[in-house]
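Asker: Residue numbers for the sequence shown follow the UniProt record's numbering, beginning at 1 and rising by one.
Just so you know, even glycine gets a beta-carbon here, dropped at the ideal spot from N, CA and C.
Treat the numbers as computed from the prediction; the structure is a model and nothing was measured.
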Amino acid sequence: GELVGELDMPMKVGIVGGSLQSNATVALNLRLLGVKSACELAEVMGAVGLAQNFSALRALVTEGIQHGHMTLHARSVASTAGATAEIFDTVVE
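1. Could you have a look at Gly14 and say whether DSSP puts it in helix, strand or coil?
2. By DSSP, does Ser37 sit in helix, in strand, or in coil?
3. Helix, strand or coil for Val4, going by three-state DSSP, please let me know.
4. Where Val13 and Ala27 are concerned, what is the direct C-alpha to C-alpha distance, given to the nearest angstrom?
5. Determine the extent of the alpha helix (DSSP H) in which Ile90 is found, giving its start and end residues.
6. Thinking C-beta only, is Leu7 closer than 9 angstroms to Gly49?
7. What is the DSSP secondary structure of Asn29, counted as helix, strand or coil?
8. If you compare alpha carbons, which of Ala74, Ser79, Thr84, Ala81 is closest to Ala93?
9. Do you know offhand how far Met45's Cα is from Thr71's?
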C-alpha cells in the first residue's frame, strides 16, 4: 500500500518587507531554508504541515488510529526513558 497525503491551504506568504528584513531571526531562518521566493517558502510550509500529520495518516490506513497512536506513544515513552537500540522494540511491546 501506498500512503498519499495532500494539503490544500490558501495562505499569504512573503519573504520581503519591513518586519521580515528587520528581524534577524527571520532572515536567519530564510537563509537556513535556502528559499529564494515566497512560492518556495509556501512549499516548505506545506511540507511541514504534511509531516506533522504523517503519523496520523499512517495510523488511519494501517491498523487504526487508536492502536497506531498508542504504538507511537509507546515508542516515544521508550525513547524518553532511554531504551537502548538493543532493547527498544522489546520495551515498546
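Answerer: In brief:
1. Looking up residue 14 in the sequence shown gives position 14. In the three-state reduction of the DSSP assignment, Gly14 falls in the coil class.
2. Residue mapping note: residue 37 aligns to position 37 of the sequence shown, counting from 1. DSSP places Ser37 in coil when its eight states are reduced to three.
3. For the purposes of this step, residue 4 is taken as the residue at position 4 of the sequence shown. The answer is coil: DSSP assigns Val4 none of H, G, I, E or B.
4. The sequence position of residue 13 within the sequence shown is 13, counting from 1. The sequence position of residue 27 within the sequence shown is 27, counting from 1. Put simply, the backbone Cα of Val13 is about 14 angstroms away from that of Ala27.
5. Translated into the one-based positions of the sequence shown, residue 90 becomes position 90. Strictly speaking, residue 90 in this sequence is Thr, with Ile absent from that position. Looking at the DSSP string, the run of the alpha helix (DSSP H) that includes Thr90 is 88-92.
6. Stepping through the sequence shown from its first residue, residue 49 is reached at position 49. Stepping through the sequence shown from its first residue, residue 7 is reached at position 7. Leu7 is positioned such that its CB atom lies closer than 9 angstroms to that of Gly49.
7. In the sequence shown, the residue the question calls residue 29 occupies position 29. Looking at Asn29 - three-state DSSP - the assignment turns out to be helix.
8. Position 93 of the sequence shown, counted from the start, is the residue given in the question as residue 93. It should be noted that the sequence gives Glu, not Ala, for residue 93. Nearest option by C-alpha distance: Ala74.
9. Position 45 of the sequence shown holds residue 45. Position 71 of the sequence shown holds residue 71. Taking the Cα positions, Met45 is about 27 angstroms away from Thr71.
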